[in-house]
Each structure stands twice: as structure tokens, then as C-alpha cells.
Amino acid sequence: MTIKGVNGIVGFVDLTTGEVKKIQVPEDVYRDFLGGYGLGAWFLYTHMKPRVDPLGSGNILGMISGLLNASGISMTGRSMAVGKSPLTGGWGDSNAGGRFGPKLMEAGLDAIFVTGVSEKPVYILIDNGEIHIESAVDLWGKNTRETEDELRSRYKGAQVVSIGPPGEKLQLIAAIINEYGRAYGRSGLAAVMGSKRLKAIVAVGDKKPVIHDKDLLRQRIKEMLDALRTTRAKAYEIWHKYGTISTLDTSVLSGDTPIKNWAGIGVRDYGTKNLEKFGTNTVIKDNVKPYGCASCPVSCGAWIRRNTRYGLVDMGHRLEYETASLFGPALLNADQDSVVYVGELCNLYGLDTISTANAVGFAFELYERGILTEKDIGFPLKWGDPDAVVKLVELIANAEGIGKILGQGVKRAAEIIGKGTEQYAIHVGGQELPSHHPQFLPGLAITYTGDPIPGRHTAGGVHWWGEGGKRLWAPFDIGMDLGASPKYDYGDKGRKAAIIAMSTQVENSLGFCQFSSQVIYRTLPYIDIIYAVTGIKYTPQDLLRVGHRIHTLRQLFNVREGVNPKKDFKLPRRVLEPFPEGPLVGVKLTEEDVERMREQYWETLGWDPGTGYPRRRTVEELGLTGIASNIISVLPP
């Protein structure tokens with residue numbers, strides 16, 4: 096290949112037939128889609144039949160390295176899982192740190208895609224370019240740490256992604272785990288692994304792709320490291336000490352954190368006294384030593400040890416903001432033992448902490464309202480009761496009793512329970528919402544409802560990139576000044592969110608951690624970095640166009656699968672209800688406001704604002720006509 100920095104090869108495994116193939120990826124695919132879920136979108140759209148059952152043999156699960164994962168560039172260790180989501184019925188992807196992505200490239204592949212269903216449990220071994228299907232009968236039923244330890248003992252230097260019992264039992268809120276707690280948590284893709292009886296994927300290898308311009312790459316890496324010691328030193332120090340947990344106290348008190356299943360108010364219902372018991376500065380007391388993902392000099396995580404009254408957590412991952420806030424303040428729970436323990440349970444068993452905590456909050460409210468009873472659950476539920484939180488998570492992890500229902504996600508749980516419980520199920524399109532309130536950051540309303548994957552705070556938009564500040568920025572120089580985006584001025588927010596979303600597709604597909612642009616470095620020299628690694632020369636406009644293409648193909652996947660973006664992706668009414676008191680009192684964010692911003696977002700992307708479908712001329716301009724030929728006739732002109 097003339098393109099450097101990649102292997103140019105992906106693996107394809109059919110677990111029904113046992114067929115294993117290595118597929119040469121055309122060079123123009125890397126130019127047009129980069130790596131990560133850009134590569135994943137291309138592969139799934141061109142290799143998977145339309146309208147397959149997400150938990151059937153026809154779905155394809157992909158594990159993909161970010162394009163720059165093998166380059167050693169700071170904060171480029173992210174990899175992605177892709178597939179048709181059993182939660183939303185459309186495009187699914189999930190992004191995680193750790194070390195699996197770089198090791199996959201060192202093992203000789205840029206991605207591994209899996210279809211079919213194995214008769215018995217298996218794992219896939221990728222060993223220096225060779226792909227093998229191995230029996231996992233002895234691993235089935237083990238938790239993710241046990242699985243990872245066993246497979247690492249068999250294969251020296253291996254990195255592993257695996258599922259635990261919830262994924263095996265097709266709990267839709269299960270997560271794929273690597274490195275004991277780096278989670279591909281969203282979209283329900285662990286259940287897809289479970290449906291294929293695929294316990295794990297193991298990558299072993301030591302062959303790094305050839306770099307195009309080593310001198311330029313070394314220079315840019317040095318400049319990035321120098322920035323941590325000079326211009327960005329303070330950001331580095333704060334992020335290294337606290338990581339995402341640094342925002343816990345401020346998020347609770349500002350109204351960012353949703354309280355009591357999105358019906359409460361942080362300052363009123365949880366307050367500063369509880370934050371003294373469980374908050375930013377109490378969480379970091381469990382630290383043993385820093386943890387950093389591959390090629391990350393920041394190390395925003397930490398290994399922890401805490402002897403909780405529920406059991407010892409030894410060398411577990413420190414709580415992230417989402418986990419801490421949703422199992423703690425959101426449930427009025429100020430007991431650190433319980434939050435640390437359930438966080439570790441989610442890592443061990445393989446559960447998405449965002450969805451799991453939302454399911455627990457949903458159950459708490461149903462109990463409070465008398466819809467669920469002690470007979471239904473087996474024990475009483477009360478806001479702030481740490482023991483009830485732990486017991487519910489254990490039931491979800493083991494798919495037992497009410498936990499089996501809650502483990503399907505709040506949308507399906509409400510459908511099963513009935514009795515009008517749909518109004519208390521907080522999700523968009525089947526995906527539970529993260530711990531960030533659109534009334535605090537209105538730009539979130541756009542990404543929660545306008546992106547091909549609903550209910551995601553990492554989808555790219557104005558909310559992290561300067562909303563409410565003096566000016567917006569993007570992950571790389573996009574060749575234009577976006578100006579400011581005042582928080583509660585909805586007039587131009589959709590347009591600016593669309594532009595940043597396109598640039599974020601590039602960031603994610605390259606394998607960059609979003610904290611690199613959100614917190615640590617801000618705008619980075621992507622043009623030079625990509626050229627140094629691959630030899631591909633883009634202009635800022637070219638690269639933004641690549642992001643536009645990736646974004647649009649993900650939305651075309653939804654159209655093909657029968658998802659109606661306009662009707663299916665709506666914020667729950669409760670999320671838009673005005674607060675009677677607290678820091679967000681007086682904020683007005685209506686359904687009409689959200690719809691107007693979303694329509695502007697879609698219009699800027701060249702998608703029809705009336706349907707959310709990409710326009711035919713946009714598809715043509717982005718060179719996607721051949722790929723999307725099977726649905727081109729249903730697209731608006």
C-alpha cells in the first residue's frame with residue numbers, strides 16, 4: 096500500500112461456518128473514512144444485509160482500531176465497537192480507551208468483523224496476522240477479569256476484549272470490557288457478542304505499521320508533550336489528579352447531574368453535606384496509583400483499593416463521573432462503599448454503568464409510586480438506600496428476577512411492566528441518557544436527538560467545545576471561526592453543532608481521546624499528524640468533508656434499517672419540564688426549541704430537516720451514491 100501507518104487488512108470471521116478471511120481494504124476507504132467507526136461504517140454498510148435481527152446471525156460486530164493507534168501520538172489509544180444496536184434498532188457504536196486498539200494493529204489487523212453464531216462458546220485469537228477460532232467453553236460464565244487473566248496467561252503480551260454473564264445472557268445494557276474496566280458500554284453491543292456466543296477477542300503481536308515521516312511525527316509528538324509542561328500545564332495537573340471525577344461536585348450543584356430519575360434538584364435533594372460524604376475529594380482517597388490508556392501522558396484514571404463492607408475492591412478502576420454521579424447523587428446515595436462496589440461489579444460483569452444506573456433509578460421511582468412492590472423485587476427500595484442499589488445491580492448482573500427485566504434497558508422494561516411506566520423511562524430511541532442535563536447545556540439536546548446514535552454526550556457538538564463561553568473551538572483547525580454560542584440563545588446553535596460534529600467524527604475515527612481537544616490540548620495539528628503517519632495530505636476543508644461523509648453514512652445506515660430519526664429520537668417530556676427552584680429555575684427549553692435546533696443541525700449537514708434523512712444531492716456530493724444505491728430512491732432530493 097502507498098498509505099502508511101496502517102496494515103491495510105481487516106479480518107472477517109463467520110462463526111456459523113467457521114470461515115476466516117483477511118480482506119484487503121481499498122486505499123480510498125482510508126482516504127474517505129479514516130479508521131475507527133469511519134472504517135466500521137463503510138464495512139457494515141457494504142457487507143451486512145439490511146434489516147437483520149440485531150441479535151441474529153446476520154448482524155456484524157466490529158472491533159476497530161483508530162487510524163493513529165499504532166503511531167505513539169499522545170492520547171490516540173481509543174478503539175471502537177460497531178454493529179447494529181439491539182437497543183435502538185439502528186447504527187450502534189461505542190468507544191473505549193485501554194490498550195486493545197493499538198495491540199490490534201500490532202497484531203496485523205486494522206479491524207476484526209464477526210458475523211454468524213457459533214454452536215458453542217468461542218473466542219477469536221489474532222496472532223501476528225493469523226486468525227483462529229478457539230473454544231471458550233471453559234470461559235463461559237466467568238467474569239471479565241477472570242476471562243482476561245486467563246487469556247493473558249495463555250498468550251504473552253495479549254490484549255483482550257470480553258463480555259461477562261450479562262452479555263452472555265443477552266442483557267441489552269451489557270458492556271464489552273478491556274483492561275479490567277475500560278468499557279465499550281453504549282449501544283448494547285455486548286449483547287451482540289453474547290448472541291454470537293463470542294466470549295472474547297484476543298490480540299497478540301509486535302509488528303507496527305510503517306510510518307510515512309518519522310521526523311515530522313517525532314517533532315509533533317515533542318511539541319504536544321512540551322505543551323503539557325508549559326501552556327497546558329494546569330489542565331494536565333487537574334486532569335491527572337482527578338480525571339472526570341473533578342466535575343462531580345460542580346455538576347451536582349449546577350443542575351448538570353440529573354437527580355431522582357430526572358425529577359429532582361441537586362442542591363435541594365442531595366446538597367453540599369452529602370457531597371462532603373461522597374464527592375470529588377472523597378473519591379480520590381481510594382487511589383493507589385495513576386492509570387493511563389495507551390500512549391496517554393495524562394493518566395486521568397487511577398487504580399484503586401477499597402475494602403467496602405460489600406467486599407474488597409482491589410486494583411479496580413477509579414470511578415468516572417458518569418458512574419459516580421448516577422449511582423451516587425442521582426439516587427440520593429452518599430455511601431461511597433456502595434458506589435465503588437457497584438462500579439466494580441459493572442466492570443467485572445460487563446455492564447454499561449450509565450444504562451444500569453438509569454435502570455436502577457427507574458425501578459426506584461416505580462417502587463415509590465407503588466407500581467412495583469416488594470413482592471415484585473424481593474426487598475424494599477428507597478432513595479438513598481445503598482444496600483438496595485447494590486442488590487438491584489447484582490440482580491441485573493445475574494439476569495435474575497426484576498434484574499432480568501431492567502437489564503433490557505428502560506424502554507423495553509417499561510414495555511414489559513406496562514401500567515403507564517413509559518413516562519418514567521428516560522431514554523432517546525431506546526438508549527438511556529448520560530448524566531448531563533440539556534437544561535444546563537442546551538447543545539446536548541441536539542446531539543441526544545439529532546445524531547445517528549441517540550442519547551450520547553460524546554457525539555460532538557457545542558456542549559463541550561465552548562458553549563456559553565467567549566468562542567467555540569474544534570478538535571482541529573477547520574478553517575473557520577465559529578464565534579461564541581451563548582447557552583440559551585438557540586438561534587444559531589444547530590448550525591455550529593453540526594460543524595463541530597463533523598470534526599468530531601474525524602477525532603473519533605483517528606482514535607483520539609476527546610479529552611485531548613476538550614480539556615488538554617484544545618485544537619491539534621491534525622493535518623500534519625495525519626500526513627506524518629499515513630502520507631495522506633488533507634486541507635482543513637478536505638478533513639471536515641471526511642467527517643461529514645462518515646456522519647452521513649452512519650445516518651444512511653439508520654435510514655436503511657427503518658429508523659425514523661424525526662419520530663423515534665425525541666427527548667422525554669420530563670427532561671424539558673421547567674425546574675421550580677434551584678440553579679436552573681427560569682430556564683426555558685421547549686420541545687419547539689429542540690426541534691428548531693435539530694432541524695438547523697440537519698439542514699447544515701445537508702439532511703432533510705423534515706425527516707432527518709440525508710438529501711440525495713448531499714449523498715452524491717460526498718461520493719456515497721454507490722454505497723447507498725439500495726436506498727437512494729427513498730431519500731429526499
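Every position in the sequence shown, counted from 1, becomes a number in my numbering once 95 is added.
Every residue gets a Cβ at the ideal spot worked out from N, C-alpha and C, and that includes glycine.
Given the structure is predicted, the values throughout are model-derived calculations rather than measurements.
Problem set entry | His646 classed as buried or exposed, judged by whether at least 16 other C-beta atoms fall within 10 angstroms | Within the sequence shown, residue 646 is the residue found at index 551, counting from 1. Under this definition His646 is a buried residue.
Exercise. With a Cβ-Cβ cutoff of 8 Å, do Leu312 and Ser166 count as a contact?
Worked result: Indexing the sequence shown from 1 puts residue 312 at position 217. Indexing the sequence shown from 1 puts residue 166 at position 71. The Cβ-Cβ distance between Leu312 and Ser166 falls below 8 Å.
For this session: Could you pull out every residue in the same chain whose Cβ sits closer than 7 Å to the Cβ of Val232, ignoring the five residues on either side in sequence?
Result: Here residue 232 corresponds to residue number 137 of the sequence shown, with the count starting at 1. The residues are Lys215 and Pro216.
For this session: Determine the direct distance from the alpha carbon of Gly106 to that of Arg194, and round the result to whole angstroms.
Result: Locating residue 194 in the sequence shown gives position 99, where the first residue counts as 1. Locating residue 106 in the sequence shown gives position 11, where the first residue counts as 1. When the Cα atoms are used, Arg194 and Gly106 turn out to be separated by approximately 19 Å.
Problem set entry | Reduced DSSP secondary structure (H/G/I, E/B, other) of Ile219 | The residue given as residue 219 occupies position 124 in the sequence shown. Per DSSP, reduced to three states, the secondary structure at Ile219 is strand.
For this session: Express the C-alpha separation of Leu679 and Pro353 in angstroms, rounding to a whole number.
Result: Taking the first residue of the sequence shown as position 1, residue 353 is located at position 258. Taking the first residue of the sequence shown as position 1, residue 679 is located at position 584. Distance between the alpha carbons of Pro353 and Leu679: 12 Å.
For this session: Enumerate in chain order the residues of its own chain whose CB-to-CB distance from Val626 is below 6 Å, with the five nearest sequence positions on each side excluded.
Result: Translated into the one-based positions of the sequence shown, residue 626 becomes position 531. Reading the sequence as shown, one finds Tyr at residue 626 and not Val. Correct list, in chain order: Lys632.
Exercise. What's the gap between the Cα of Gly187 and the Cα of Tyr337?
Worked result: Within the sequence shown, residue 187 is the residue found at index 92, counting from 1. Within the sequence shown, residue 337 is the residue found at index 242, counting from 1. Taking the CA atoms as reference points, Gly187 sits about 30 Å from Tyr337.
Problem set entry | Span of the alpha helix (DSSP H) around Gly131 | Numbered from its first residue, the sequence shown carries residue 131 at position 36. Secondary structure note for Gly131: its alpha helix (DSSP H) is the uninterrupted segment Gly131 to His142.
For this session: State the Cα-Cα distance for the pair Glu332 and Arg691, rounded to the nearest angstrom.
Result: Counting from one through the sequence shown, the residue named residue 332 turns up at place 237. Counting from one through the sequence shown, the residue named residue 691 turns up at place 596. Straight through space, the alpha carbons of Arg691 and Glu332 are spaced by roughly 40 Å.
For this session: Would you kindly check if the distance between the Cβ of Leu605 and the Cβ of Leu234 is under 8 Å?
Result: Sequence index remark: in the sequence shown, residue 234 carries index 139 (1-based). Sequence index remark: in the sequence shown, residue 605 carries index 510 (1-based). Going by C-beta atoms, Leu234 is not nearer than 8 Å to Leu605.
Problem set entry | C-beta contact flag for Gly45 and Gln636 at 8 Å | Residue 45 lies beyond the stretch modelled for the chain, which goes from 96 to 732, so this question has no answer here.
Problem set entry | Inter-stretch contact at 8 Å, needing at least 3 Cβ pairs: the stretch 204-213 / the stretch 155-169 | Taking a contact to require three or more Cβ pairs closer than 8 Å, the stretch 204-213 and the stretch 155-169 qualify as touching.
Exercise. Going along the chain, which residues of its own chain have a beta-carbon closer than 7 Å to the beta-carbon of Met96, five neighbours each way excluded?
Worked result: To locate residue 96, count along the sequence shown from 1; it is residue 1. Excluding residues up to 5 positions away in sequence, Gly103 and Glu122 lie with their Cβ nearer than 7 Å to the Cβ of Met96 in the same chain.
For this session: With a threshold of 16 other CB atoms inside 10 Å of the CB of Lys591, please say whether the residue is buried or exposed.
Result: Numbered from its first residue, the sequence shown carries residue 591 at position 496. With a threshold of 16 other beta carbon atoms within 10 Å, Lys591 meets it and is buried.
For this session: State the Cα-Cα distance for the pair Asp471 and Ile500, rounded to the nearest angstrom.
Result: Numbered from 1 along the sequence shown, position 376 holds the residue referred to as residue 471. Numbered from 1 along the sequence shown, position 405 holds the residue referred to as residue 500. Here the alpha carbons of Ile500 and Asp471 stand approximately 11 Å from one another.
Exercise. Hey, out of Phe459, His307 and Leu414, whose CA is closest to Ala483's CA?
Worked result: Residue 483 sits at position 388 when you count from the first residue of the sequence shown. Residue Phe459 is the option with its Cα nearest to Ala483.
For this session: With a cut-off of 8 Å on the beta carbons, I'd call Tyr444 and Pro260 a contact; round off their distance for me.
Result: Your numbering for residue 444 matches position 349 in the sequence shown. Your numbering for residue 260 matches position 165 in the sequence shown. About 6 Å separates the Cβ atoms of Tyr444 and Pro260, confirming a contact at the 8 Å cut-off.
Exercise. Between Gly211 and the rest of its own chain, which residues show a CB-CB distance below 6 Å, the 5 nearest in sequence each way excluded?
Worked result: Within the sequence shown, the letter at position 116 stands for residue 211. So the list reads Asp109, Leu110, Thr111 and Ser152, once near-sequence residues are dropped.
For this session: Measure the C-alpha to C-alpha separation of Ile615 and Arg277 and round it to an integer number of angstroms.
Result: The residue labelled residue 615 in the question sits at position 520 within the sequence shown. The residue labelled residue 277 in the question sits at position 182 within the sequence shown. Using only the alpha carbons, I get a separation of about 20 Å.
Problem set entry | Minimum C-alpha distance to Glu686 - residue among Ile258, Tyr585 and Arg413 | Within the sequence shown, the letter at position 591 stands for residue 686. Ranking the options by Cα distance to Glu686, first place goes to Tyr585.
For this session: Check whether the stretch 135-145 touches the stretch 506-524, counting contact only when three or more Cβ pairs, one atom from each stretch, lie closer than 8 Å.
Result: Output reads no: the stretch 506-524 does not touch the stretch 135-145.
Problem set entry | CA-to-CA distance, Ile521 to Ala554, given in whole angstroms | Reading the sequence shown from its first residue, position 459 is the one you call residue 554. Reading the sequence shown from its first residue, position 426 is the one you call residue 521. Taking the straight line from one Cα to the other gives about 18 Å.
Exercise. Do the stretch 639-655 and the stretch 421-430 make contact, defined as three or more Cβ pairs closer than 8 Å?
Worked result: Result no; under three Cβ-Cβ pairs closer than 8 Å.
For this session: For my contact list, Gly545 and Trp697 are in at a C-beta cut-off of 8 Å; report their separation, rounded to the angstrom.
Result: For this step, residue 545 is matched to residue 450 along the sequence shown. For this step, residue 697 is matched to residue 602 along the sequence shown. About 6 Å; that satisfies the 8 Å criterion.
Problem set entry | Per-residue burial, Leu407 [other beta carbons within 10 Å of its own, 16 or more giving buried] | Mapped onto the sequence shown, residue 407 falls at position 312. Around the beta carbon of Leu407, a 10 Å sphere encloses fewer than 16 other beta carbons of the protein chains shown; the residue is thus reported as exposed.
Exercise. Whose C-beta lies closer than 8 Å to the C-beta of Arg49 among residues of the same chain, with five residues either side of it excluded?
Worked result: The requested residue 49 does not occur in the structure, where the chain is confined to residues 96 to 732.
Exercise. How would you write the range of the alpha helix (DSSP H) that Ala429 sits in, first residue to last?
Worked result: Translated into the one-based positions of the sequence shown, residue 429 becomes position 334. No alpha helix (DSSP H) holds Ala429; DSSP gives it neither H nor E.
Problem set entry | 3-residue-minimum beta strand (DSSP E) runs that sit fully inside the stretch 211-290, ordered along the chain | Complete beta strand (DSSP E) runs here, min 3: 217-222, 225-230, 254-257, 271-273 and 277-279.
Problem set entry | Validate contact between the stretch 130-139 and the stretch 163-178 using beta carbons, cut 8 Å, 3 pairs | Yes, they touch.
Exercise. In the DSSP assignment, what residue or residues form a beta bridge with Thr403?
Worked result: Taking the sequence shown and counting its residues from 1, the one referred to as residue 403 is at position 308. Assignment of beta-bridge partners to Thr403 by DSSP yields Gly406.
Problem set entry | Inter-residue spacing [alpha-carbon to alpha-carbon] between Ala492 and Gly498 | Position 397 of the sequence shown holds residue 492. Position 403 of the sequence shown holds residue 498. Approximately 7 Å, taken between the alpha carbons.
For this session: Give the single residue among Pro731, Gln534 and Pro549 whose Cα lies nearest to the Cα of Val51.
Result: Within the shown structure, residues of the chain are numbered from 96 to 732, placing residue 51 beyond reach of any answer.
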